[in-house]
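One structure is given below, encoded as structure tokens.
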Amino acid sequence: MERNPLRRQLQIMRKSLFDQGYLDEQFVQLEELQDESNPNFVEEVVTLYYRDSARLILNIEQALERKPYNFHKLDAYMHQFKGSSSSIGAKKVKAESTLFREYCKSGNGEGCMRCFQQLKKEYTTLRKKLEAYFQVARQAGPMETACRPK
Amino acid sequence: MVLGIDASSSSLSNKNLSVLVVDDDPLIRMLHDNYLKHFGLKPHVVENGKEAVKLFQLGIYFNLILMDNEMPIMNGVEATKVLRDMGSTSMIVGVTSRGSPSEMQTFMEAGLDFCFEKPLTFDMIDFILKELNMNDDDDDDTNN
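In order, the protein sequences belong to chains A and B. Each residue of the first sequence is one higher than the one before, counting from -4 in my numbering. Each residue of the second sequence is one higher than the one before, counting from 2 in my numbering.
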């Protein structure tokens, strides 16, 4: 049980991210790669993810402005986006990506549009939560490897 | 799932293994690079299949190649076929984001030793390294 209040807060935030389904097991894999020689690894990976995926989000947005939709292109962008999102354990974002690709396969433009709006919401929400989490993590200082959620 | 991987002992046996990561996604390259470093390896990293083939043509041998499938210029299936045709005996492990059985099969048929869905996990890498080290006859005392 963590006595340090900041670390305790960090544990609570972390648990909440998993309990509420924002993150999955893949995030734990990232945490396991973090150690003294690589103390900010998780934050670096997440930062890289948000930087890289911003370009993909923009591409998709622009593609959705051109009618008729090029579903093949949309699917290709989303395929890449889904891959990156999976890599950081972004569970809800990944779920929306999967749904979007289903809509692409069935040529459902309306579905793609709706799904994309939801995806952007999840994407932004996750970023805010992770930013808050990393802020506390930095203040709390280096931590022992956190407990596995399972 | 508790990962009882003893990274320190496997890093001793892994020191002489050369690894190549082939992936067009910088995030995946960074991830796989770090996973492998955690096991005591120093992977070489390239962006597409053509770059991987170039290295082979230059006579650079890798014990292990982690090959993404969907890449520009030359994808994983093509690169694997070319490498095998040129006589590569590296262990080539496909890492694909499409989990469909038919795609994995096509990829395997190109000449892979194993194929996994990305992203890789510690367990998968541990498995791969154990397979690689089988030739060296290491004791298998890690418990998963």
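Think of the CB as a built atom: it goes at the ideal place given N, C-alpha and C, for glycine as much as any other residue. Note that the coordinates shown come from a computational prediction; the quantities given were computed from them, not determined experimentally.
Indicate the three-state DSSP secondary structure (helix, strand or coil) for residue 134 of chain B in the structure shown.
Numbered from its first residue, the second sequence carries residue 134 of chain B at position 133. In the structure shown, residue 134 of chain B falls within a helical segment according to DSSP collapsed to helix, strand and coil.
In whole angstroms, what separates the C-alpha of residue 60 of chain B from that of residue 105 of chain A?
Here residue 60 of chain B corresponds to residue number 59 of the second sequence, with the count starting at 1. Here residue 105 of chain A corresponds to residue number 110 of the first sequence, with the count starting at 1. Whole-angstrom Cα-Cα distance: 52 Å.
Ordered along the chain, which non-local residues of its own chain (more than five positions away) have a Cβ less than 6 Å from that of residue 64 of chain A?
The residue given as residue 64 of chain A occupies position 69 in the first sequence. Here residue 64 of chain A has 104 as same chain residues with Cβ atoms under 6 Å from its own Cβ, once five neighbours each way along the sequence are excluded.
Minimum Cβ-Cβ distance from residue 35 of chain B to chain A less than 8 Å:
Numbered from 1 along the second sequence, position 34 holds the residue referred to as residue 35 of chain B. Chain A contact via Cβ: present.
Grab me the residues of residue 134 of chain A's own chain with a C-beta within less than 7 Å of its C-beta, minus the 5 sequence neighbours each way, in chain order.
Position 139 of the first sequence, counted from the first residue, corresponds to residue 134 of chain A. A distance below 7 Å between beta-carbons, with the five flanking residues on each side excluded, links residue 134 of chain A to the following residues of its chain, in chain order: 1.
What does DSSP give as the partner residue(s) for residue 93 of chain B in the beta ladder?
Walking along the second sequence from the start, residue 93 of chain B turns up at place 92. Residue pairing by DSSP puts residue 93 of chain B in a beta bridge opposite B/66.
Residue 127 of chain A versus A/-1, A/-2 and A/7, residue with shortest Cα-Cα distance:
Here residue 127 of chain A corresponds to residue number 132 of the first sequence, with the count starting at 1. Distance check between residue 127 of chain A and each of A/-1, A/-2 and A/7 places A/7 closest, using alpha-carbon atoms only.
Listed from N- to C-terminal order along the chain, which residues in the region 16 to 30 of chain A have their beta-carbon within a distance smaller than 7 Å of any beta-carbon of chain B?
Taking 7 Å as the upper bound on Cβ-Cβ separation, chain B lies near residues 21, 24, 27 and 28 of the region 16 to 30 of chain A.
State the CB to CB distance for the pair residue 124 of chain A and residue 12 of chain A, rounded to an integer number of angstroms; the pair is presumed to be in contact (CB under 8 Å).
Counted from its first residue, the first sequence places residue 124 of chain A at position 129. Counted from its first residue, the first sequence places residue 12 of chain A at position 17. Contact flag correct, Cβ pair sits at about 6 Å.
Boundaries of the beta strand (DSSP E) in which residue 118 of chain B is found, first to last residue
Within the second sequence, residue 118 of chain B is the residue found at index 117, counting from 1. The continuous beta strand (DSSP E) containing residue 118 of chain B extends over residues 115 to 118.
Tell me which residue opens and which closes the beta strand (DSSP E) that residue 121 of chain B is part of.
As a position in the second sequence, residue 121 of chain B is number 120, starting the count at 1. It is not in any beta strand (DSSP E) - residue 121 of chain B carries neither H nor E in the DSSP assignment.
Taking the CB atoms as reference points, tell me whether residue 47 of chain A and residue 79 of chain A lie closer together than 8 Å.
On the first sequence, residue 47 of chain A is found 52 positions in, with the first residue counted as 1. On the first sequence, residue 79 of chain A is found 84 positions in, with the first residue counted as 1. Result yes, Cβ atoms of residue 47 of chain A and residue 79 of chain A sit closer than 8 Å.
Residue span of the alpha helix (DSSP H) that contains residue 125 of chain A, given as start and end:
As a first step, residue 125 of chain A must be located in the first sequence, where it is residue number 130. Its alpha helix (DSSP H) spans residues 104 to 135.
Residue 21 of chain B: buried (16+ other C-beta within 10 angstroms of its C-beta) or exposed?
On the second sequence, residue 21 of chain B is found 20 positions in, with the first residue counted as 1. Classification for residue 21 of chain B: buried.
In angstroms with no decimal places, state the Cα-to-Cα distance between residue 27 of chain A and residue 20 of chain A.
Within the first sequence, numbered from 1, the residue matching residue 27 of chain A stands at position 32. Within the first sequence, numbered from 1, the residue matching residue 20 of chain A stands at position 25. Each residue's Cα considered, the two are about 11 Å apart.
Could you spell out where the alpha helix (DSSP H) holding residue 5 of chain A opens and where it closes?
Counting from one through the first sequence, the residue named residue 5 of chain A turns up at place 10. Run containing residue 5 of chain A: 0 to 14, per the alpha helix (DSSP H) assignment.
Residue 82 of chain A versus residue -2 of chain A - alpha carbon distance:
Counted from its first residue, the first sequence places residue 82 of chain A at position 87. Counted from its first residue, the first sequence places residue -2 of chain A at position 3. Rounded to whole angstroms, residue 82 of chain A to residue -2 of chain A spans 32 Å at the Cα level.
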